[in-house]
Amino acid sequence: MVRRKNEWPEEGELVVGTVHKVLNYGAFATLEEYPGKEAFIHISEVSSGWVKNIRDFVRENQKIVARVLRVNPRKGHVDVSMKRIREDQRTKKIQAWKIEQKAEKFLELAAKDLGVDLDTAYEKVGYELMDIFGDLYGAFETAAEEGEQALIDEGIPEDWASAITEIARRNITPPEVQITGYVDIKSYAPNGVEIIRKALKSAQDEGIIVQAVGAPRYRLIVKSTDYLDAEKQLKEAAQKCIEIVEKEGGEGEFHRELT
46 MVRRKNEWPE
56 EGELVVGTVH
66 KVLNYGAFAT
76 LEEYPGKEAF
86 IHISEVSSGW
96 VKNIRDFVRE
106 NQKIVARVLR
116 VNPRKGHVDV
126 SMKRIREDQR
136 TKKIQAWKIE
146 QKAEKFLELA
156 AKDLGVDLDT
166 AYEKVGYELM
176 DIFGDLYGAF
186 ETAAEEGEQA
196 LIDEGIPEDW
206 ASAITEIARR
216 NITPPEVQIT
226 GYVDIKSYAP
236 NGVEIIRKAL
246 KSAQDEGIIV
256 QAVGAPRYRL
266 IVKSTDYLDA
276 EKQLKEAAQK
286 CIEIVEKEGG
296 EGEFHRELT
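The numbering of the sequence shown is my numbering, which starts it at 46 and goes up by one.
Quick look at the structure:
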């Protein structure tokens, strides 16, 4: 169960629940992100249309997304509405909740590596990671992309930063970026074709994808998980191509494709 640092949800917040009791006048659902708390959905808040039979809209064990209307911690009441959210909001909330479930599993694995349980993990670093990175998955994603130092710099203990990074890199593939540029290269030497080929091969040797657009223009494509590294690699490869051609009396120019 994904947990929130606050004991109670806030009014207006979207929550995920599991329906456990359906009555003629409404339904009760356990709140997945708030252990031990349940919400009540009055029949008038189940659907924007007329509800003749509430069981046509909710049933036991159904996962729901609802908006919090009122919270009364003293009485232990949370009133929610299923009708006061859009379908895109419902979909987005469920997706985010599922991602956080996955992140919680990652935290549990990191805790196991350090010989403690999930409850301890939340107290030691879990809630702090949520405060710093917005959610648990954001913390693991940062660790996968930037390494444990990114967590240490935020005050996370080194042993936890190391364990989290190890789990993150085993389970999260950083998103790949693709950037494109063009080199216009000309050679006036008798062996100009060979010179152009040599220049383009220098880019290919650096892992750059080279495509002919139409002489004298050639497309250079770089794929990487780091945008800044990709930019640097593209510019260096283009410059190397141009230098090879210019050294033999030719000329060249680099153009960055704008997206």
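The C-beta atom is built at its ideal place from N, Cα and C for all residues, glycine as well.
query = At which residues does the beta strand (DSSP E) containing residue 107 begin and terminate?
reply = Reading the sequence shown from its first residue, position 62 is the one you call residue 107. Segment: none, residue 107 is in no beta strand (DSSP E) and carries neither H nor E.
ask   = If we ignore side chains and look at the alpha-carbon of each, how far apart do residue 209 and residue 185 end up?
value = Numbered from its first residue, the sequence shown carries residue 209 at position 164. Numbered from its first residue, the sequence shown carries residue 185 at position 140. In a straight line, the C-alpha of residue 209 is about 7 angstroms away from that of residue 185.
ask   = According to DSSP, is residue 96 helix, strand or coil?
value = Numbered from its first residue, the sequence shown carries residue 96 at position 51. Residue 96 falls in the coil class under three-state DSSP.
ask   = Using a Cβ-Cβ cut-off of 6 angstroms (strictly less than) and excluding sequence neighbours within five positions of residue 292, which residues of its own chain qualify?
value = Mapped onto the sequence shown, residue 292 falls at position 247. Excluding residues within five positions, none has a Cβ falling inside 6 angstroms.
key: Beta-carbon contacts of residue 178 that lie in its chain and below 7 angstroms, excluding the five residues immediately before and after   = Translated into the one-based positions of the sequence shown, residue 178 becomes position 133. Non-local C-beta neighbours of residue 178 in its own chain, meaning closer than 7 angstroms and more than five positions away in sequence, comprise 184, 187, ordered along the chain.
query = CB-CB under 8 angstroms to residue 221, same chain, minus the five flanking residues each way: which ones, in chain order?
reply = As a first step, residue 221 is located in the sequence shown; it is residue number 176 there, counting from the start. By the criterion of a C-beta distance shorter than 8 angstroms, residue 221 is surrounded in its chain by 268, 269, 270, once the five residues flanking it on both sides are discounted.
query = Using the C-alpha atoms, what's the distance from residue 98 back to residue 69?
reply = The residue you call residue 69 lines up with position 24 of the sequence shown. The residue you call residue 98 lines up with position 53 of the sequence shown. Counting only the Cα atoms, residue 98 lies some 8 angstroms from residue 69.
ask   = Going straight from the alpha carbon of residue 263 to that of residue 63, what length do you get?
value = Within the sequence shown, numbered from 1, the residue matching residue 263 stands at position 218. Within the sequence shown, numbered from 1, the residue matching residue 63 stands at position 18. Each residue's Cα considered, the two are about 57 angstroms apart.
query = Of all the options 284, 137, 290, 162, which has the alpha carbon lying nearest to the alpha carbon of residue 300?
reply = As a working note, residue 300 is residue 255 in the sequence shown. It is 284.
query = So, is residue 54 buried or exposed, given that buried needs 16 or more other C-beta atoms within 10 angstroms?
reply = Reading the sequence shown from its first residue, position 9 is the one you call residue 54. By the 10 Å Cβ count, residue 54 comes out buried.
query = Considering only C-alpha positions, which residue in the set 223, 282, 83, 152 is nearest to residue 216?
reply = Taking the sequence shown and counting its residues from 1, one reaches residue 216 at position 171. Per the Cα distances, 152.
Range of the contiguous beta strand (DSSP E) that encloses residue 75 = Position 30 of the sequence shown, counted from the start, is the residue given in the question as residue 75. Per DSSP, residue 75 belongs to the beta strand (DSSP E) from 71 to 76.
Residue 65 to residue 265 span [Cα, whole Å] = In the sequence shown, the residue the question calls residue 65 occupies position 20. In the sequence shown, the residue the question calls residue 265 occupies position 220. Rounded to the nearest angstrom, the two C-alpha atoms are 58 angstroms apart.
ask   = Beta-carbon separation of residue 228 and residue 297 under 8 angstroms?
value = Stepping through the sequence shown from its first residue, residue 228 is reached at position 183. Stepping through the sequence shown from its first residue, residue 297 is reached at position 252. Using a Cβ distance threshold of 8 angstroms, residue 228 and residue 297 count as a contacting pair.
ask   = If you scan the segment 86 to 173 from start to end, which runs of the beta strand (DSSP E) of 3 or more residues do you find wholly inside it?
value = Within the segment 86 to 173, the complete beta strand (DSSP E) runs of at least 3 residues are 108 to 117, 122 to 126.
query = Span of the alpha helix (DSSP H) holding residue 237?
reply = Sequence index remark: in the sequence shown, residue 237 carries index 192 (1-based). Per DSSP, the continuous alpha helix (DSSP H) segment holding residue 237 begins and ends at 237 to 249.
ask   = Rounded C-beta distance between residue 73 and residue 58? I'm assuming under 8 angstroms.
value = Here residue 73 refers to the residue found at position 28 when the sequence shown is read from its first residue. Here residue 58 refers to the residue found at position 13 when the sequence shown is read from its first residue. The beta-carbon separation of residue 73 and residue 58, rounded to 18 angstroms, does not stay under the 8 angstroms limit for a contact.
request  = Compute the Euclidean distance between the alpha carbons of residue 141 and residue 247, then round it to the nearest angstrom.
outcome  = Residue 141 sits at position 96 when you count from the first residue of the sequence shown. Residue 247 sits at position 202 when you count from the first residue of the sequence shown. If you take the alpha carbons of residue 141 and residue 247, they lie about 44 angstroms apart.
request  = Note down the Cα distance separating residue 109 from residue 219, rounded to an integer number of angstroms.
outcome  = Looking up residue 109 in the sequence shown gives position 64. Looking up residue 219 in the sequence shown gives position 174. Cα to Cα, the separation comes out at about 31 angstroms.
inquiry  = Is it buried or exposed, residue 205, if we count other Cβ atoms within 10 angstroms and call 16 or more buried?
reply    = Stepping through the sequence shown from its first residue, residue 205 is reached at position 160. Result: buried.
ask   = How many Å lie between residue 273 and residue 88 at the Cα?
value = Within the sequence shown, residue 273 is the residue found at index 228, counting from 1. Within the sequence shown, residue 88 is the residue found at index 43, counting from 1. So the two alpha carbons sit approximately 53 angstroms from each other.
query = In angstroms, rounded to a whole number, what distance separates the CA positions of residue 129 and residue 94?
reply = Taking the first residue of the sequence shown as position 1, residue 129 is located at position 84. Taking the first residue of the sequence shown as position 1, residue 94 is located at position 49. Cα to Cα, the separation comes out at about 12 angstroms.
request  = Assuming residue 91 and residue 127 form a contact by the criterion Cβ under 8 angstroms, report the distance between their Cβ atoms to the nearest whole angstrom.
outcome  = Here residue 91 refers to the residue found at position 46 of the sequence shown. Here residue 127 refers to the residue found at position 82 of the sequence shown. Right, their Cβ atoms sit about 5 angstroms apart.
query = Which whole-angstrom value describes the C-beta separation of residue 78 and residue 104, a residue pair presumed to lie in contact below a C-beta threshold of 8 angstroms?
reply = Residue numbering aside, residue 78 sits at position 33 when the sequence shown is read from its first letter. Residue numbering aside, residue 104 sits at position 59 when the sequence shown is read from its first letter. That belief does not hold up - the Cβ atoms of residue 78 and residue 104 are roughly 21 angstroms apart, past 8 angstroms.
key: Host beta strand (DSSP E) of residue 268 (start-end)   = Position 223 of the sequence shown, counted from the first residue, corresponds to residue 268. 262 to 269 is the span of the beta strand (DSSP E), which, as asked, contains residue 268.
task = Leaving aside the five residues before and after residue 199 along the sequence, list all residues of the same chain whose C-beta is less than 7 angstroms from its C-beta, in chain order.
result = If you number the sequence shown from 1, residue 199 lands on position 154. Taken in chain order, the residues that qualify are 177.
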